[in-house]
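One structure is given here, and the rest of the page talks about it.
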Amino acid sequence: MISLNIEKTFGFISKEKVSAYESEVKAAQRMLEDGTGKGNDFLGWLHLPSSIGKEHLADLKATAKVLRENCEVVVVAGIGGSYLALAP
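Going by the working numbering, the first residue of the sequence shown is number 23, and it counts up by one from there.
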């Protein structure tokens, strides 16, 4: 479940203005959870880390061990926080 605490924003925007978007936000949340919106094939991040299996985690730990033992520096390049970095 995704949650959001916006209490500190009320110094800048009224609760009424935020409340005006409640139905749209709830609809967007439902689309995310149901996987029915545009781009629904890119929602693998939604269930992380619980969707990472024990075998995949063991592989990550083994790779990290090899890197620690053999490298002084490791450069990691990502594509904007994509969950695809975890693809087997």
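Where a beta carbon is used, it is the ideal one built from N, C-alpha and C, also for glycine. All figures in this text were calculated on a predicted structure; none of them were measured in a lab.
The beta carbon of Y43 sits closer than 8 Å to no other beta carbon from its chain once the five residues preceding and following it are set aside. N92 and L82 have their alpha carbons spaced roughly 15 Å apart. Under the DSSP assignment, E44 falls in the alpha helix (DSSP H) whose first and last residues are 44 to 56. In the DSSP assignment, A80 falls within the unbroken alpha helix (DSSP H) covering 76 to 92. Membership of S41 in the alpha helix (DSSP H) is indicated by the continuous run 37 to 41.
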